[in-house]
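See below for the structure under consideration.
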Amino acid sequence: MKRALSALSIAVLMLAATTASATSSLDLNLSGDAVQFDAAGEIAPGIALGGGILHSGYRDDATQGHIQLLGVDRNSDLDIGIGARWSQYDTDYGNGGGLGLGGYGYAYLPQAPAVSLGGYAFYTPSVVTTSDLDDSLEVGLRARYAFTRNVDGYVGYRRLRADFDTSPGNQTLDRGAHAGVRLTF
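Here it is in structure tokens:
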């Protein structure tokens, strides 16, 4: 219950922060094992602040929350963002957080401008982690379709793994296909 309240608090704060910005988005995706919610908004032209929470029961109980600051560019051909992300983990394998680098990139298909293909990756090395976390990597691929100017639906694949000092080797915290919707306003 404490985790759920923390997740809700983060989501509400991010929603409040993003509603005042120029371009904002809310994103929700689901799989058979996981739910993820993200919120982001531009705090200045070309600079986006965002955050989110992922809860997965893929193998064991795992929750990952993150806050990120990205340089972004969106036009009719590309949607890209590169920057830093703080991720915090609360899992059955261990707990901890760290500062990672990464980004996302999507290309719109010229013959089908409502369709975009791309993905994202964020890596956190051991030199910038706290508590039990040694390193982590989250990667994902997505195919998006713009139903309207403000609503995208997508299907994707995500893999989230982390290495904790309290467990042997890398632990896969979430892996598999998911479907989601993103609202932009």
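Once you know that position 9 of the sequence shown is 650 in my numbering, the rest is easy, because the numbers rise by one and skip nothing. Every residue gets a Cβ at the ideal spot worked out from N, C-alpha and C, and that includes glycine.
Whose CA, out of the options, lies closest to the CA of residue i?
i: R823; options: A675, N811, D806, Y786; result: Y786
i: T807; options: D731, T664, L669; result: D731
i: L742; options: H707, F826, H819; result: H707
i: A703; options: G693, A675, G687; result: A675
i: D679; options: P686, F763, S666; result: S666
i: G724; options: S697, T765, R799, Y699; result: T765
i: V768; options: S777, A762, G821; result: S777
i: G687; options: R700, S697, R715; result: R715
Quick check on DSSP: helix, strand or coil for residue i?
i: S767; result: helix
i: T813; result: strand
i: R800; result: strand
i: F805; result: strand
i: R700; result: coil
i: G673; result: coil
i: S666; result: strand
i: R827; result: Residue 827 is absent from the structure shown; the chain starts at 642 and stops at 826.
i: G737; result: strand
i: F678; result: strand
i: S717; result: coil
i: Q709; result: strand
Starting from the C-beta of residue i, find all residues in its chain whose C-beta is less than 7 Å away, skip the five residues before and the five after it, and write them out in chain order.
i: G722; result: A689, L711, G712, V713, G744, Y745
i: L740; result: A725, W727, T765, V769
With a 10 Å radius around its C-beta and 16 neighbouring C-beta atoms as the bar for buried, classify residue i as buried or exposed.
i: Q752; result: exposed
i: D815; result: buried
i: D793; result: buried
i: T770; result: buried
i: R726; result: buried
i: T659; result: Note that T659 scores a pLDDT of 45, beneath 50, so its modelled location is shaky; the value from the coordinates is reported in the next line. Flag for T659 reads buried.
Less than 9 Å separating the beta-carbons of residue i and residue j?
i: L774; j: A748; result: no
i: G810; j: G797; result: no
i: E779; j: S728; result: yes
i: L669; j: G821; result: yes
i: F788; j: T664; result: no
i: L758; j: A784; result: yes
In chain order, what residues of the same chain lie with their CB nearer than 6 Å to the CB of residue i, ignoring the 5 residues before and after it?
i: Q677; result: N670, L695
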